[in-house]
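Chains as they are written, first to last, in my numbering: chain A, 1 to 117; chain B, 1 to 115. Every residue gets a Cβ at the ideal spot worked out from N, C-alpha and C, and that includes glycine. Have a look at the structure below before the remarks.
Here it is, written out as structure tokens:
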């Protein structure tokens with residue numbers, strides 16, 4: 001079974017600075033997807049960024065980028081120019097791509113990010 | 001991005017009653033929908049996966065007779081908590097994925113309080 005580990009329960013960053021959230025995972029599969037979801041106080045889960053394991057290039061979405069290290073099974077999220085609206089719980093998630101059907105997401109335990117004005 | 005609507009956002013009920021939560025994909029056809037439960041300050045726990053027109057697949061430890069899931073159309077799945085008890089009080093979240101897609105889009109969640 002796959003596992004996702006987020007070793008930082010809480011992080012804080014000064015507004016406009018850069019912060020990196022860590023995520024490691026364990027799998028025996030070679031084809032999979034990795035995601036970062038954000039859950040603000042409203043509790044609406046919002047997709048931040050997605051990475052396909054077969055792609056070597058790291059995904060980027062505006063101020064959000066990932067450092068995907070497949071051999072190390074590491075998938076960190078970098079938030080540049082942090083804004084107050086980035087304050088949320090961030091979840092790293094894994095999904096198998098090997099069989100199309102009922103693939104479920106395996107979530108990490110989350111990292112609560114606080115933005116300091 | 002795709003929109004998933006979940007209703008109600010909050011429900012308070014008496015112990016022993018049943019509660020139905022709806023999850024709708026508004027601008028795409030959701031062949032697969034997922035139901036999660038989230039305890040305070042915890043991660044999401046998958047309860048079950050439903051495919052349109054077929055029986056839901058429940059995760060280990062989830063009582064299928066207690067948490068009835070119906071996915072009757074490509075845009076609607078429902079979760080019914082039967083004979084709710086205070087220990088069923090929680091935050092329930094649905095998500096939906098369209099055919100061939102890799103992304104799950106989430107509803108805003110339902111906070112259930114059983115008195």
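Flagged as an interface residue toward chain B: residue 107 of chain A, by a C-beta distance shorter than 8 Å. For residue 60 of chain B, no Cβ of chain A is located within less than 8 Å of the residue's own Cβ.
Cβ neighbours of residue 105 of chain A within its own chain (closer than 8 Å, five residues either side excluded): 35, 93, 94 and 95. In the assembly as shown, residue 60 of chain B is an exposed residue. Its beta-carbon has fewer than 16 other beta-carbons within 10 Å.
A residue is called buried when at least 16 other Cβ atoms come within 10 angstroms of its Cβ; residue 39 of chain B does not meet this threshold and is exposed. Contact annotation for residue 108 of chain B against chain A: 42, 43 and 44 [CB-CB distance below 8 Å, chain order]. Within chain B, the residues whose beta carbon sits less than 7 Å from that of residue 91 of chain A are 43, listed in sequence order.
The count of Cβ pairs closer than 8 Å, one atom from the region 34-53 of chain B and one from the region 65-77 of chain B, reaches three, so the stretches are in contact. Close to residue 67 of chain B, with beta-carbon spacing below 8 Å, lies no residue of chain A; the smallest spacing is near 16 Å. Apart from sequence neighbours up to five positions away, the residues of its chain that approach residue 16 of chain A with a beta-carbon distance below 6 Å are 81, ordered along the chain. Close CB contacts of residue 40 of chain A within its chain, under the 6 Å cut and outside five residues either way in sequence, are with 88 (chain order). Straight-line measurement puts the Cα of residue 59 of chain A at about 17 Å from the Cα of residue 25 of chain A. Distance between residue 80 of chain B and residue 23 of chain B, taken at the CA atoms: about 11 Å. Here the C-alpha atom of residue 46 of chain B lies approximately 35 Å from the C-alpha atom of residue 117 of chain A. The residues 6 and 9, in chain order, have a CB closer than 7 Å to that of residue 108 of chain B in the same chain once the five nearest residues on each side in sequence are set aside.
By the neighbour-count definition (other C-beta atoms within 10 Å, threshold 16), residue 36 of chain B is a buried residue. Ranking A/114, A/108, A/49 and A/30 by CA distance to the CA of residue 105 of chain B puts A/49 first.
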